[in-house]
Amino acid sequence: MSDTLDSPTQAPPQTLAETPREPTQDGPKVRLYLVDGSGFIFRAFHALPPLTRKTDGLPVGAVSGFCNMLWKLLVDMKAQADAPTHLAVVFDHSEKTFRNKLYDQYKAHRPPPPEDLVPQFPLVREATKAFGVPCLELPGYEADDLIAAYACKVRDMGGEVVIVSSDKDLMQLVGDRVSMLDTMKNVRIGPDQVIEKFGVLPDKVVDVQALCGDSVDNVPGAPGIGIKTASALINEYGDLDTLLSRASEIKQEKRRQTLIDFADQIRLSRELVKLDCDTPLPSPIDDLSVKDPESTELAEFLERMEFRTIARRVEAHLKGEHGIETPKPEARPLAAPKHAAIDVNAYACVRDIETLDRWIARAHEVGIVAFDTETDALSASSANLCGVSLAVQPGEACYIPVGHEHEHEATGGLDFEAKSAVEQIPCEEVIARLKPLLEDPAVLKVAQNGKYDLAVLKRYGIEVGPIEDTMLISFVLEGGLRKSHGMDELSKQWLEHEPISFKTVAGTGKAQKSFKHVELSQATCYAAEDADVTLRLYEHLRPRLAHEHLLTVYETLERPMPRVLVDMELAGVKVDPDRLRQLSNDFSVRMGELEIEAHRLAGRPFNLGSPKQIGEVLFKEMGLASGKTTATGAMSTDASMLEDLAAQGHELPRVLLDWRQLSKLKGTYTDNLVAAIDPKTGRVHTSYSLAAATTGRLASSDPNLQNIPVRTEEGRKIRRAFIAEPGHVLISADYSQIELRLLAHIGDIPQLKKAFADGLDIHAMTASEMFGVPIEGMPAETRRRAKAINFGIVYGISAFGLSNQLGISREEAGAYIKTYFERFPGIRTYMDRMIQQVRSQAFVTTIFGRKVHVPAARGKSQAERSFADRAAINAPIQGAAADIIRRAMIRMPDALREAGLTARMLLQVHDELVFEAPEAEADKVIAVAKRIMEKAAEPAIALSVPLEVEARAATNWDDAH
DNA sequence: AACCTCACG
DNA sequence: GACGTACGTGAGGTTC
Numbered sequence: 001m002s003d004t005l006d007s008p009t010q011a012p013p014q015t016l017a018e019t020p021r022e023p024t025q026d027g028p029k030v031r032l033y034l035v036d037g038s039g040f041i042f043r044a045f046h047a048l049p050p051l052t053r054k055t056d057g058l059p060v061g062a063v064s065g066f067c068n069m070l071w072k073l074l075v076d077m078k079a080q081a082d083a084p085t086h087l088a089v090v091f092d093h094s095e096k097t098f099r100n101k102l103y104d105q106y107k108a109h110r111p112p113p114p115e116d117l118v119p120q121f122p123l124v125r126e127a128t129k130a131f132g133v134p135c136l137e138l139p140g141y142e143a144d145d146l147i148a149a150y151a152c153k154v155r156d157m158g159g160e161v162v163i164v165s166s167d168k169d170l171m172q173l174v175g176d177r178v179s180m181l182d183t184m185k186n187v188r189i190g191p192d193q194v195i196e197k198f199g200v201l202p203d204k205v206v207d208v209q210a211l212c213g214d215s216v217d218n219v220p221g222a223p224g225i226g227i228k229t230a231s232a233l234i235n236e237y238g239d240l241d242t243l244l245s246r247a248s249e250i251k252q253e254k255r256r257q258t259l260i261d262f263a264d265q266i267r268l269s270r271e272l273v274k275l276d277c278d279t280p281l282p283s284p285i286d287d288l289s290v291k292d293p294e295s296t297e298l299a300e301f302l303e304r305m306e307f308r309t310i311a312r313r314v315e316a317h318l319k320g321e322h323g324i325e326t327p328k329p330e331a332r333p334l335a336a337p338k339h340a341a342i343d344v345n346a347y348a349c350v351r352d353i354e355t356l357d358r359w360i361a362r363a364h365e366v367g368i369v370a371f372d373t374e375t376d377a378l379s380a381s382s383a384n385l386c387g388v389s390l391a392v393q394p395g396e397a398c399y400i401p402v403g404h405e406h407e408h409e410a411t412g413g414l415d416f417e418a419k420s421a422v423e424q425i426p427c428e429e430v431i432a433r434l435k436p437l438l439e440d441p442a443v444l445k446v447a448q449n450g451k452y453d454l455a456v457l458k459r460y461g462i463e464v465g466p467i468e469d470t471m472l473i474s475f476v477l478e479g480g481l482r483k484s485h486g487m488d489e490l491s492k493q494w495l496e497h498e499p500i501s502f503k504t505v506a507g508t509g510k511a512q513k514s515f516k517h518v519e520l521s522q523a524t525c526y527a528a529e530d531a532d533v534t535l536r537l538y539e540h541l542r543p544r545l546a547h548e549h550l551l552t553v554y555e556t557l558e559r560p561m562p563r564v565l566v567d568m569e570l571a572g573v574k575v576d577p578d579r580l581r582q583l584s585n586d587f588s589v590r591m592g593e594l595e596i597e598a599h600r601l602a603g604r605p606f607n608l609g610s611p612k613q614i615g616e617v618l619f620k621e622m623g624l625a626s627g628k629t630t631a632t633g634a635m636s637t638d639a640s641m642l643e644d645l646a647a648q649g650h651e652l653p654r655v656l657l658d659w660r661q662l663s664k665l666k667g668t669y670t671d672n673l674v675a676a677i678d679p680k681t682g683r684v685h686t687s688y689s690l691a692a693a694t695t696g697r698l699a700s701s702d703p704n705l706q707n708i709p710v711r712t713e714e715g716r717k718i719r720r721a722f723i724a725e726p727g728h729v730l731i732s733a734d735y736s737q738i739e740l741r742l743l744a745h746i747g748d749i750p751q752l753k754k755a756f757a758d759g760l761d762i763h764a765m766t767a768s769e770m771f772g773v774p775i776e777g778m779p780a781e782t783r784r785r786a787k788a789i790n791f792g793i794v795y796g797i798s799a800f801g802l803s804n805q806l807g808i809s810r811e812e813a814g815a816y817i818k819t820y821f822e823r824f825p826g827i828r829t830y831m832d833r834m835i836q837q838v839r840s841q842a843f844v845t846t847i848f849g850r851k852v853h854v855p856a857a858r859g860k861s862q863a864e865r866s867f868a869d870r871a872a873i874n875a876p877i878q879g880a881a882a883d884i885i886r887r888a889m890i891r892m893p894d895a896l897r898e899a900g901l902t903a904r905m906l907l908q909v910h911d912e913l914v915f916e917a918p919e920a921e922a923d924k925v926i927a928v929a930k931r932i933m934e935k936a937a938e939p940a941i942a943l944s945v946p947l948e949v950e951a952r953a954a955t956n957w958d959d960a961h
């Protein structure tokens, strides 16, 4: 438990009383926490179901709630970087105060406290004392006045004050060294939050309140004026007195008259809401210093109240602190207690350099730090930094805001911005201080999806390393077992803790705000929690790697990837927007023509983009036949079916096919690629996901640059728009037949291996072997069929699939497969081996040791298990190819550099790498790329087939491919 | 959000 | 003999 209590500023062990004071010039610095006792009591009373003491039925619910809240506060406070030196609970003494002399109606409408609550007031005071906390109260004054007086006094002494309350009437006190803390909502209230509530800085809150009044306290104010109008007026005129003296200048007639007529009432209201800093202090500040509860006295009180749960909790805590000496953090075992509670209130918001330096020092001391960056956008290549969070121990985390702003209010003419800049360390300063830590080879950095943070920080000049990634660790351990390896999911499963969702802090849908507009208290809870959770996940997951023999996979295939991908993503690729726009126009025109033609052929207008409407036209109205249905039983209108109908001589299907092709190209590519150009770089920056495809393949998104058209002439026009910078070329290097080569190796198929060794045309050789025809002079159709079979094998062939692919009968396809297996019996053996393995273990592995889980192997239905069989056949092949190109990518940057080349790797498309290089480098780059790619499996695996890479340079991607 | 379709390897 | 069907992705448009 005490693990979570260590503040970075203090060395354990310590007790509540031993919080060290920071010395200042005039003695120890005071940090006073003032708890609004009435607020606590009413909240406790209303938040809890009625509870009575068993023995005599005395209502004690509010007392119990109060004790819980107070205890939690005591414990939480210590975990904060700004732990208090002094502490008191402040109570109202009596109903009548000096305000009733000013205005007899003050708080006149307030109902008496509930009957059940009345006997609990004195008990709450007793409770406070039992916890070793002084009670403050004074006849004739409200708690708020006492709080004001102590706050002013301590502030003027140079100390700090935290008012534990959410009462808006106290917000006028907020300032430089005075803040509020709402423990129920876990929110810090500083000037920013006051501005959010009142639209003005704290020193003008009284003026605004005087204008709007308060129906609860029966403060009259000015009729018809609410917070919006009041803050607008104060902001315009500067303060209340100026406003009232210049009221005649106000344009709106009604408002002007109100201010003139009710000027006295407004001034009176100001006196009522204004807190009295000159209230006499019932106890000197020195008497309020934090001390430990007298444990026997506290135990006696809790016993008398019959609060067993609280008593146990308190006892456990005090024992933990006074008992066996807590080991130093460094000496503690790394493994976190799995269920150590995560407490978002324990996190610190770092807003001054000294505190920042302390956190950095802690990270150096511990040697490991989890971190997370918060930004104002999703795309790492363009997002701006909002803040950075760090976690050095489970529960010991902070958030360092650097780019927070107030949301701009739309109420015209108000200029909040100048007045209310968020108080935070300047960004450059934070970057300068974090850089040595994040780049220190002796401090391990841990991130969740670190590629993102790497990319963001690289743009701020920080090259983070060495780095571990919990998402990648999870992916290596459990690829295929879960759909996502996101932090929320991992946290829920392994820490049994649901982190605050982004939606909770930023809102959702259209109202979602940028993270820089999230107020700091909430931002701190969210961001620091992410770092904390990441560290805990790391401690939980990392040991499993070695245990499950996946450490090498992680270290060689995963951990080096983020750096490589960051460089590729940040480099981006140049596309020619003019060319794309012209294509888009061209497509538009032709689509328009095709649409008219389609409507004519159908005899009526319809939406060519709607499969449903196409179905109606073709099948219902035109009576065309189609056997095929979709997964949900609707009539299929996909391309293969339209092709069939077109082949039968129908006109409309052909028109639809042409329209669809253009629609796809325009909708998915031309228009969106232009929109995806980053205005700052003039290039398109994709994002690669490392933990998407279970086989280890990368996935590209936003935009997806792994599915740029290539198969049709029209499509290749889009590929021609991917170009190199002037004086440069694009170089495309792709593995030839890598999956079939790997099948030959893994399945140990002699004929295939020999064919590859001899450099034969593999599909022709397959056809020759199967159909007994010579390779020389083979008909194209024969080779095409063999090619389809070869692909089919890699996918876990079925007669149905093959027949579909080739447009032949299922019987014929079945016969082909039978022949194939007879000719290449090793393939049958390989398939059976994978099926057997997946059915017994629910996973298969690649030759590099990557584990691919296939949970469907345990599925209920036959269909599910068949699916698992095919996935198990495909995964080791696709996965090995993915592993190999990863190895090549990891080695490529160094290889290029060592060859003295400036070429950059830009894109990966599963078996292809695309580079950009100065024209003069082209030949050398091709040589390096080929060498690295062809030798990528070595030395881990000595393949029994050669890998071949074809590479070409050109000014656009299509010509290079 | 589900579905269909289609771009790529 | 029955079971849906090739493996792995991301994205746009329509429909509900």
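First residue of the first sequence? That's 1 in UniProt numbering, and the numbers climb one at a time after it. We put the beta carbon where it would ideally sit given N, CA and C, even for glycine.
- On the DSSP bridge assignment, give the partners of residue 181 in chain order. In the first sequence, counting from the first residue as 1, residue 181 sits at position 181. Note: residue 181 sits in a beta bridge opposite 164, 188.
- Message: If I follow the unbroken beta strand (DSSP E) through residue 908, where does it start and stop?
- Response: In the first sequence, residue 908 corresponds to position 908, counting from 1. Counting along the chain, the beta strand (DSSP E) containing residue 908 begins and ends at 904 to 908.
- Task: Report the rounded CA-to-CA distance for residue 341 versus residue 535, giving the unit in angstroms.
- Result: Counting from 1 along the first sequence, the entry for residue 341 is found at position 341. Counting from 1 along the first sequence, the entry for residue 535 is found at position 535. If you take the alpha carbons of residue 341 and residue 535, they lie about 14 Å apart.
- Query: Can the beta-carbon of residue 799 be found closer than 8 Å to that of residue 786?
  - Reply: Residue 799 sits at position 799 when you count from the first residue of the first sequence. Residue 786 sits at position 786 when you count from the first residue of the first sequence. In this structure, residue 799 lies away from residue 786, with their beta-carbon atoms at least 8 Å apart.
- Message: Can you tell me which residues form a DSSP beta bridge with residue 723?
- Response: Indexing the first sequence from 1 puts residue 723 at position 723. Residue 723 pairs with 574, 956.
- By how many angstroms is the C-alpha of residue 932 removed from the C-alpha of residue 950? The residue you call residue 950 lines up with position 950 of the first sequence. The residue you call residue 932 lines up with position 932 of the first sequence. Cα to Cα, residue 950 sits roughly 12 Å from residue 932.
- Beta-carbon contacts of residue 770 that lie in its chain and below 8 Å, excluding the five residues immediately before and after: For this step, residue 770 is matched to residue 770 along the first sequence. Same-chain partners within the cutoff: 786, 789, 816, 819, 820, 823.
- Message: According to DSSP, simplified to helix, strand and coil, what is residue 416?
- Response: Position 416 of the first sequence, counting from 1, holds the residue named residue 416. Residue placement at residue 416 cannot be trusted, given a pLDDT of 49 that sits under 50; what the coordinates show is reported in the next sentence. Residue 416 falls in the helix class under three-state DSSP.
- Item | Alpha carbon of residue 479 to alpha carbon of residue 811, nearest angstrom | Taking the first residue of the first sequence as 1, we reach residue 479 at position 479. Taking the first residue of the first sequence as 1, we reach residue 811 at position 811. Looking at the two C-alpha atoms, the distance is approximately 37 Å.
- Task: Look at the Cβ atom of residue 553, then the Cβ atom of residue 301, and state whether they are nearer than 8 Å.
- Result: One-based indexing of the first sequence puts residue 553 at position 553. One-based indexing of the first sequence puts residue 301 at position 301. No.
- Query: DSSP on residue 535, reduced to helix/strand/coil?
  - Reply: Along the first sequence, one-based indexing puts residue 535 at 535. Note: residue 535 maps to helix in three-state DSSP.
- Leaving out five residues before and five after residue 745 in sequence, what residues of the same chain have Cβ atoms less than 6 Å from its Cβ? Sequence index remark: in the first sequence, residue 745 carries index 745 (1-based). So the qualifying residues of the chain are 943, 944, 945.
- Message: Can you find the residues in the same chain that come closer than 6 Å, C-beta to C-beta, to residue 958, ignoring five residues on each side of it along the sequence?
- Response: As a first step, residue 958 must be located in the first sequence, where it is residue number 958. Only 716, 719, 720 meet the Cβ criterion.
- Task: Measure the beta-carbon distance from residue 722 to residue 573 and round it to whole angstroms, keeping in mind my assumption that it falls under 8 Å.
- Result: Within the first sequence, numbered from 1, the residue matching residue 722 stands at position 722. Within the first sequence, numbered from 1, the residue matching residue 573 stands at position 573. Confirmed, Cβ separation roughly 6 Å.
- Message: So, at 6 Å on beta carbons, what are the nonlocal neighbours of residue 965 in its own chain, with the 5 sequence-adjacent residues on each side left out?
- Response: A question about residue 965 goes unanswered here, because the residues of the chain that appear run from 1 up to 961.
- Among 844, 654, 347, 375, which has the Cα closest to the Cα of residue 76? For this step, residue 76 is matched to residue 76 along the first sequence. Out of 844, 654, 347, 375, 347 has the C-alpha closest to the C-alpha of residue 76.
- Buried or exposed (CB count within 10 angstroms, at least 16 for buried), residue 345: What you label residue 345 is simply residue 345 of the first sequence in a count that begins at 1. Flag for residue 345 reads buried.
- Reference residue 529; option with closest CA among 374, 671, 686: The residue labelled residue 529 in the question sits at position 529 within the first sequence. Ranking the options by Cα distance to residue 529, first place goes to 374.
- Let me know if residue 947 comes out buried or exposed under the rule of 16 or more other beta-carbons within 10 Å of its beta-carbon. Along the first sequence, one-based indexing puts residue 947 at 947. Flag for residue 947 reads buried.
- Span of the alpha helix (DSSP H) holding residue 32? Counting from one through the first sequence, the residue named residue 32 turns up at place 32. Premise fails: residue 32 lies in the beta strand (DSSP E), 31 to 36, not in any alpha helix (DSSP H).
- Cβ atoms of residue 39 and residue 179: under 8 Å apart, would you say? Stepping through the first sequence from its first residue, residue 179 is reached at position 179. Stepping through the first sequence from its first residue, residue 39 is reached at position 39. Not in contact: residue 179 and residue 39 (Cβ atoms no closer than 8 Å).
- Query: Within 10 angstroms of its Cβ, does residue 172 collect 16 or more other Cβ (buried), or is it exposed?
  - Reply: Counting from 1 along the first sequence, the entry for residue 172 is found at position 172. It counts as buried.
- Query: How many Å lie between residue 568 and residue 452 at the Cα?
  - Reply: For the purposes of this step, residue 568 is taken as the residue at position 568 of the first sequence. For the purposes of this step, residue 452 is taken as the residue at position 452 of the first sequence. C-alpha of residue 568 to C-alpha of residue 452: approximately 13 Å in a straight line.
- Task: Spell out the partners DSSP gives residue 479 in its beta bridges.
- Result: Looking up residue 479 in the first sequence gives position 479. Answer is 482, bridged to residue 479.
- Message: On the DSSP bridge list, what partners appear for residue 845?
- Response: Within the first sequence, numbered from 1, the residue matching residue 845 stands at position 845. Paired residue(s): 851.
- Message: According to DSSP, is residue 962 part of a helix, a strand, or is it coil?
- Response: Residue coverage of the chain in this structure runs from 1 to 961, which leaves residue 962 outside it and unanswerable.
- Helix, strand or coil at residue 141 according to DSSP, with G and I counted as helix: Here residue 141 refers to the residue found at position 141 when the first sequence is read from its first residue. Residue state, collapsed to three classes: coil.
- Message: On a Cα-Cα basis, can you pick out the residue from 559, 67, 955 that is closest to residue 730?
- Response: For the purposes of this step, residue 730 is taken as residue 730 along the first sequence, with counting starting at 1. Nearest option by C-alpha distance: 955.
- Item | Same chain, Cβ closer than 6 Å to residue 65, five either side skipped, listed in chain order | Counted from its first residue, the first sequence places residue 65 at position 65. Cβ neighbours of residue 65 beyond the five flanking positions: 44, 48.
- Message: Taking 7 Å as the limit between beta carbons, can you name the residues of its chain near residue 692, skipping five residues before and five after?
- Response: Here residue 692 is taken as the residue at index 692 of the first sequence, counted from 1. Answer for residue 692: 699, listed in chain order.
- How about residue 495 and residue 456: do their beta carbons lie closer than 8 Å? Taking the first sequence and counting its residues from 1, the one referred to as residue 495 is at position 495. Taking the first sequence and counting its residues from 1, the one referred to as residue 456 is at position 456. Cβ distance not < 8 Å, so residue 495 and residue 456 don't count as in contact.
- Query: Do residue 690 and residue 472 have their C-beta atoms closer together than 8 Å?
  - Reply: As a working mapping, residue 690 is identified with position 690 in the first sequence. As a working mapping, residue 472 is identified with position 472 in the first sequence. Closer than 8 Å, so yes.
- Query: Between which two residues does the beta strand (DSSP E) harbouring residue 393 extend?
  - Reply: Looking up residue 393 in the first sequence gives position 393. Taken as a continuous stretch (DSSP letters only), the beta strand (DSSP E) holding residue 393 covers 385 to 393.
- Message: Using 8 Å as the threshold, is the C-beta distance between residue 601 and residue 655 below it?
- Response: As a working note, residue 601 is residue 601 in the first sequence. As a working note, residue 655 is residue 655 in the first sequence. Closer than 8 Å, so yes.
- Message: Can you give me the C-alpha to C-alpha distance between residue 825 and residue 749, rounded to a whole angstrom?
- Response: Within the first sequence, residue 825 is the residue found at index 825, counting from 1. Within the first sequence, residue 749 is the residue found at index 749, counting from 1. So the two alpha carbons sit approximately 8 Å from each other.
- Query: With respect to the alpha helix (DSSP H) encompassing residue 286, which residues constitute its N-terminal and C-terminal limits?
  - Reply: Locating residue 286 in the first sequence gives position 286, where the first residue counts as 1. Counting along the chain, residue 286 falls outside any alpha helix (DSSP H), and DSSP gives it neither H nor E.
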